[in-house]
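In full-length UniProt numbering, the protein residues as written are 1 to 263. C-beta atoms are modelled at their ideal positions from N, C-alpha and C, and glycine is treated no differently.
Written out as structure tokens, the structure is:
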């Protein structure tokens, strides 16, 4: 469309830079697009980089123009040195220059955490927006009164949430937003999901009538089969067949048959 209509592309990378793509370089990296095809990239340092401020990236001509004519650039203050160093260090970690392979490991772990979390929310029949790999997970609640009730009930059970309502969103698209991290363990995610499961039933926000996505069903099926297999190994079951999350123990079955013969 850009080439057909001679338009400019302005890309908001606030939720994707440092989180999406095999190298964590955002939407262009995720979809395999040449960054040179994007005219203006905008992002923030407050999320993946854990700092403050933001950036605009584009051609030298564009950036020189903004420096001269933009009110934010002319009347704003410079970024403090500690904040700048925080951003640089975060970039080096993502790029694997601090510890080789650490950035790639974190990005991979973030993707796994995100897909698992989203799959469980779909299983609860909640309306979940966004790409399955996006670590910023909006769940639509719609009614403003339920929005506040959901947040307070979650907080009462030990889960802090971010809620967004009118006028930041349209009146019927009020939402709660969950932000997933590579540092979240599976136990942390399961604890949060258990709370969401309880509160979503109490507040009655399970509006979705869409079938559960195929990728989510496959992921949870494999996850539960793996958990069952690990549980079997932990309990010393020698021979087993793991199918659809059920563990069939050949050893236990044989032992029961022998017991019946003795009787």
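Provide the residue span of the alpha helix (DSSP H) that contains residue i, from first to last.
i           : result
residue 92  : 81-94
residue 144 : 144-156
residue 191 : 186-203
residue 235 : Segment: none, residue 235 is in no alpha helix (DSSP H) and carries neither H nor E.
The beta strand (DSSP E) spanning residue i covers which residue range?
i           : result
residue 174 : 174-179
residue 163 : 162-164
Quick check: residue i and residue j, are their CB atoms within less than 8 Å of each other?
i           : j           : result
residue 73  : residue 66  : yes
residue 159 : residue 195 : yes
residue 110 : residue 182 : yes
residue 97  : residue 140 : no
residue 24  : residue 103 : yes
residue 134 : residue 15  : yes
residue 163 : residue 147 : yes
residue 8   : residue 34  : no
residue 62  : residue 41  : no
residue 119 : residue 219 : yes
residue 207 : residue 88  : no
residue 264 : residue 144 : What is shown of the chain runs 1 to 263, which leaves residue 264 out entirely.
residue 136 : residue 92  : no
Assuming residue i and residue j form a contact by the criterion Cβ under 8 Å, report the distance between their Cβ atoms to the nearest whole angstrom.
i           : j           : result
residue 189 : residue 129 : The pair is not a contact, with the Cβ atoms about 19 Å apart (cut-off 8 Å).
residue 13  : residue 43  : 4 Å
residue 29  : residue 18  : About 10 Å; that fails the 8 Å criterion.
residue 153 : residue 203 : 7 Å
residue 226 : residue 124 : Actually they are not in contact, since the Cβ atoms of residue 226 and residue 124 sit about 21 Å apart, beyond 8 Å.
residue 131 : residue 180 : Going by Cβ atoms, the distance from residue 131 to residue 180 rounds to 13 Å, so no, they are not a contact pair.
residue 83  : residue 48  : In fact, because the Cβ distance is near 15 Å, the residues do not count as touching under 8 Å.
Check whether the Cβ of residue i lies closer than 7 Å to any heavy atom of the ligand FMN, and answer yes or no.
i           : result
residue 235 : As for the ligand FMN, it is missing from this structure, which has no ligand bound.
Just list the alpha helix (DSSP H) runs in the region 1-81, keeping only unbroken ones of 4 residues or longer that don't cross its boundaries, in chain order.
2-5, 27-31, 60-69, 71-75
Please specify which runs of the beta strand (DSSP E), each continuous and at least 3 residues long, are wholly inside the region 100-144, giving them in chain order.
136-142
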